[in-house]
Amino acid sequence: MSEITVHVDGTPRRLTVDTRTTLLDALRERLGVTSPKKGCDHGQCGACTVLSGGRRVLSCLTLAVTQDGARVVTAEGLAAHDRPDGERPAGGQRSDDDGLHPVQRAFVDCDAFQCGYCTPGQVVSAVGMLDEFARGWPSAVTEGTRPPRLDRAEVAERMSGNLCRCAAYVNIVPAVQRAAAESGTAAPGAGVAE
Amino acid sequence: MKPFEYRSPADAAAAVRSVAGNPAAVFLGGGTNLVDHLKLGVAAPDLVVHVADLLPAGIEELDGGTLRIGAGVRNSDLAADRRVRERFPVLSQALLSGASGQLRNMATTGGNPLQRTRCVYFQDVTTPCNKRQPGSGCSAVGGWTRHHAVLGASEHCLAVHPSDMAVAMAALDARVRVLGPDGERTIPFTGLHRLPAGTPERDTVLEHGDLITAIDLPPLPLARRSAYRKVRDRASYAFALVSVAAAVEVRDGVITDARVAFGGVAHVPWRAHRAERVLRGAPATEETYRAAADAELADARPADGPDGGNAFKIPLLRRTLAATLRGLVREDAR
Ligand SMILES: Cc1cc2nc3c(=O)[nH]c(=O)nc-3n(C[C@H](O)[C@H](O)[C@H](O)COP(=O)(O)OP(=O)(O)OC[C@H]3O[C@@H](n4cnc5c(N)ncnc54)[C@H](O)[C@@H]3O)c2cc1C
Ligand code: SF4
Ligand code: FES
Ligand code: FES
């Protein structure tokens with residue numbers, strides 16, 4: 001057993017965990033934070049994606065004991081109004097009047113889900129991905145060292161770690177592109193294209 | 001999952017002492033392979049020593065131009081590094097072709113080459129496997145072999161090494177810095193992994209308690225023209241069926257120098273020395289690419305299986321090698 005403090009969606013949470021507990025199980029079973037979903041529990045689906053230290057990671061392959069002192073953001077905490085510490089929402093974007101993060105808003109507007117099980121992971125992953133894109137990170141489909149454009153192929157490649165059993169991909173890709181365009185997340189010199 | 005003690009020591013020396021002092025201890029890097037294995041029962045340590053946060057997480061340029069990549073550098077940061085993208089595009093491309101954005105943010109430079117095979121029998125503790133349980137037999141012999149080796153396998157194990165990054169490192173003459181109970185040493189990357197022979201339980205030459213602290217990339221000017229080509233069952237987020245890492249230098253239509261390594265076909269990232277010897281000094285033509293593949297694949301042996309086996313890997317690898325070289329030669333002509 002280990003005592004750890006994890007900042008979850010802006011709130012410090014202290015808990016004692018068995019060393020075997022994953023961050024996903026600690027969030028869901030111990031802290032009641034159920035937006036990260038358990039799809040496969042083996043790193044293969046992305047449903048459990050959270051931000052830790054601002055980066056998208058898989059909570060099912062993260063031992064909770066390694067997260068002592070970490071700042072973890074789940075889909076529930078993406079929008080500022082949910083956050084008692086009043087920090088800007090993840091990705092540095094403003095939430096709207098409904099309290100939705102721009103990526104969440106875009107998913108709603110584009111109807112980018114069916115059953116919704118993969119959605120919290122998709123949304124958190126997209127927030128992390130847009131931040132990586134804004135920093136100029138390449139992907140496997142980026143040509144040479146030119147700044148990438150967030151076209152269909154780039155979004156599909158960068159989001160390939162999030163599977164959707166309902167295959168809502170046709171709407172997920174445009175939702176991510178819309179969020180990027182509206183928030184100005186796209187890197188300087190990088191365009192957003194269909 | 002078996003209970004284990006967890007430690008997060010202050011420095012590398014303390015981590016090495018912890019693991020060296022307990023035969024059932026393991027290092028924990030990004031955890032993307034080890035945590036999975038804890039759940040599957042493939043690994044059952046009684047002490048887990050976290051090293052991801054104590055290992056160097058920066059990429060340093062040494063006098064003479066060598067890039068020293070700290071073992072704590074995450075795969076995503078390494079792939080995005082400007083110097084790596086310009087000087088060693090094959091490495092950036094190999095990393096980006098592997099796993100997913102989330103996994104690359106977690107996986108470390110030290111853990112990636114030490115990830116274990118994805119052989120389905122190795123990962124299923126209910127089936128015999130010499131690698132997991134020495135002497136129990138190899139379920140892949142006569143079993144599903146689509147993802148297994150065609151080069152350097154033994155009757156005891158047909159597994160392939162799954163890492164993409166390692167294939168690029170093998171082609172680039174990288175060197176591995178290791179801190180062990182008896183101090184520091186450096187080993188060539190191509191000498192890190194070993195063929196299965198009669199002891200497939202040992203993936204590498206590392207001894208218990210050996211910690212990878214950095215990987216060095218010596219200057220290699222021809223690597224500015226390098227590429228990684230990966231063929232797989234789906235477009236992204238899948239392991240390689242075959243892959244090729246290559247770098248070439250071309251002058252007046254003649255290949256003056258080359259580095260080639262294969263992935264997905266052997267227990268090790270396969271440095272293709274024979275192919276390189278054919279390429280050096282030969283005209284950059286389709287005949288040369290074919291001859292290079294012939295030389296390297298002369299000893300290739302496919303495995304049978306109810307899934308049709310893996311004989312397809314041999315022609316696939318020939319074409320992938322030719323496509324990679326053709327692309328680089330074209331790029332070089334620009
Ligand atoms: C769904 C999925 C898909 C994937 N797809 C790909 C792919 O397409 N291509 C690819 O290349 N990889 C792929 N991977 C594998 C991934 O790249 C590796 O799991 C990762 O690189 C391992 O690094 P890590 O730091 O997480 O290692 P860990 O899981 O922490 O450790 C792996 C092993 O190395 C040991 N270790 C860790 N660090 C050190 C060190 N510094 N010194 C000595 N020993 C150490 C550990 O004890 C353990 O035995 C995939 C993984 C998953 C889950
Ligand atoms: S191929 Fe190797 S890893 Fe796979 S079952 Fe046989 S011995 Fe085990
Ligand atoms: S539940 Fe973590 S990747 Fe599937
Ligand atoms: S919406 Fe059902 S799994 Fe994605």
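Chains as they are written, first to last, in full-length UniProt numbering: chain Y, 1 to 194; chain Z, 1 to 334.
Even glycine gets a Cβ: it sits at the ideal position worked out from N, Cα and C.
Since this is a predicted model, take the numbers as computed values, not measurements.
Applying a beta-carbon distance threshold of less than 9 Å, which residues of chain Z neighbour residue 15/Y? Neighbours of residue 15/Y on chain Z: none; closest Cβ ~15 Å, over 9 Å.
Looking at the structure shown, is residue 133/Y part of a helix, part of a strand, or coil, going by DSSP? The answer is helix: DSSP assigns residue 133/Y an H, G or I state.
Closer than 9 Å between beta carbons: that is the criterion. Which residues of the stretch 123-152 of chain Y meet it against chain Z? Answer set for the stretch 123-152 of chain Y: 125, 128, 129, 132, 135, 136, 137, 138, 139, 140, 141, 142, 144, 145.
So who's on the other strand from residue 157/Z, going by DSSP bridges? Answer by DSSP bridge pairing, in chain order: 154/Z.
Whole angstroms are fine: how far does the CA of residue 75/Y sit from the CA of residue 155/Y? Straight-line Cα distance between these residues: approximately 19 Å.
Pull up the DSSP beta-bridge partners for residue 228/Z, would you. Residue pairing of residue 228/Z in beta bridges, as defined by DSSP: 245/Z.
For residue 101/Z and residue 160/Y, the rounded distance between their alpha carbons: Those two C-alpha atoms are separated by around 8 Å.
Selection of the stretch 107-123 of chain Z by Cβ proximity to chain Y, strictly under 8 Å: Near chain Y, meaning a CB-to-CB distance below 8 Å, no residue of the stretch 107-123 of chain Z qualifies.
Please output, in chain order, the residues near ligand 3 using a CB cut-off of less than 6 Å to any non-hydrogen atom of the ligand. With the cut-off at 6 Å, the residues found are 38/Y, 39/Y, 40/Y, 41/Y, 43/Y, 44/Y, 45/Y, 46/Y, 47/Y, 48/Y, 58/Y, 60/Y.
Would you say residue 42/Y faces chain Z, with C-beta separation under 8 Å as the test? Closer than 8 Å: yes.
Going by beta carbon distance, what residues of the same chain come within less than 6 Å of residue 259/Z, once the five residues before and after it are set aside? Excluding five sequence positions before and after residue 259/Z, the CB atoms of its chain that fall closer than 6 Å to its own CB belong to 171, 247, given in chain order.
Return the first residue and the last residue of the beta strand (DSSP E) that residue 258/Z is part of. 254-263 is the span of the beta strand (DSSP E), which, as asked, contains residue 258/Z.
Of the residues 22/Y, 18/Y, 126/Y, 34/Y, the one placed nearest residue 4/Z, counting alpha carbons only: Relative to the Cα of residue 4/Z, the nearest Cα in the group 22/Y, 18/Y, 126/Y, 34/Y belongs to 18/Y.
Out of 289/Z, 108/Z, 267/Z, 29/Z, state which residue places its alpha-carbon closest to the alpha-carbon of residue 275/Z. Here the closest residue by C-alpha is 289/Z.
DSSP three-state label for residue 59/Y, please. Residue 59/Y falls in the helix class under three-state DSSP.
Using DSSP with H/G/I as helix, E/B as strand and the rest coil, what is residue 6/Z? Of the three classes helix, strand and coil, the one that applies to residue 6/Z here is strand, per DSSP.
For ligand 5, enumerate in chain order all residues having a CB closer than 5 Å to any of its heavy atoms. What this structure holds is ligand 1, ligand 2, ligand 3 and ligand 4, not ligand 5.
Considering residue 335/Z, what are the terminal residues of the beta strand (DSSP E) in which it resides? Outside the modelled stretch of chain Z, which goes from 1 to 334, sits residue 335/Z, for which no answer is possible.
Which residue marks the beginning of the beta strand (DSSP E) containing residue 12/Y, and which one marks its end? First-last of the beta strand (DSSP E) with residue 12/Y: 11-17.
Do the stretch 21-34 of chain Y and the stretch 5-13 of chain Y touch if we need at least three Cβ pairs shorter than 8 Å? The stretch 21-34 of chain Y vs the stretch 5-13 of chain Y: in contact.
Near ligand 2: residue 289/Z beta-carbon under 7 Å from a heavy atom: Short note on residue 289/Z: C-beta not closer than 7 Å to any heavy atom of ligand 2.
DSSP three-state call for residue 91/Z: helix, strand or coil? Here residue 91/Z sits in helix by DSSP.
Straight-line Cα distance separating residue 310/Z from residue 287/Z: Approximately 25 Å between the Cα atoms of the pair.
Would you give the residue range spanned by the beta strand (DSSP E) that residue 102/Y belongs to? For residue 102/Y, no beta strand (DSSP E) segment is defined; the enclosing uninterrupted segment is the alpha helix (DSSP H) at 102-109.
Quickly, what does DSSP pair residue 178/Z with across the bridge? List them, please. Within the DSSP bridge table, the entry for residue 178/Z names 185/Z, 212/Z as partners.
Taking Cβ positions, are residue 36/Z and residue 61/Y nearer each other than 8 Å? In contact: residue 36/Z and residue 61/Y (Cβ atoms closer than 8 Å).
Which residues does DSSP pair with residue 70/Z in a beta bridge? Bridge partners of residue 70/Z: 214/Z.
Residue 65/Y - DSSP class collapsed to helix/strand/coil: Residue 65/Y falls in the helix class under three-state DSSP.
So, does the CB of residue 295/Z fall closer than 8 Å to a CB anywhere in chain Y? Cβ-Cβ to chain Y under 8 Å: no for residue 295/Z.
Kindly list, in the order they appear in chain Z, the residues whose Cβ is closer than 7 Å to that of residue 157/Y. Proximity of chain Z to residue 157/Y at the Cβ level (cut-off 7 Å) is accounted for by 236, in chain order.
CB of residue 306/Z to nearest heavy atom of ligand 2: below 7 Å? No, Cβ of residue 306/Z sits at least 7 Å from all heavy atoms of ligand 2.
Need the endpoints of the beta strand (DSSP E) that residue 19/Z sits in, please. For residue 19/Z, there is no enclosing beta strand (DSSP E); the residue is part of the alpha helix (DSSP H) that begins and ends at 12-20.
Say whether chain Z places a C-beta atom closer than 8 Å to the C-beta of residue 19/Y. Yes, its Cβ sits closer than 8 Å to a Cβ of chain Z.
In chain order, what residues of the same chain lie with their CB nearer than 7 Å to the CB of residue 168/Z, ignoring the 5 residues before and after it? Within the same chain, residue 168/Z has close Cβ partners 90, 91, 94, 228, 245.
Can you tell me whether DSSP reads residue 273/Z as helix, strand or coil? For residue 273/Z, the secondary structure class from DSSP, reduced to helix, strand or coil, is helix.
Grouping DSSP H, G and I as helix and E and B as strand, with all else coil, what is residue 323/Z? Of the three classes helix, strand and coil, the one that applies to residue 323/Z here is helix, per DSSP.
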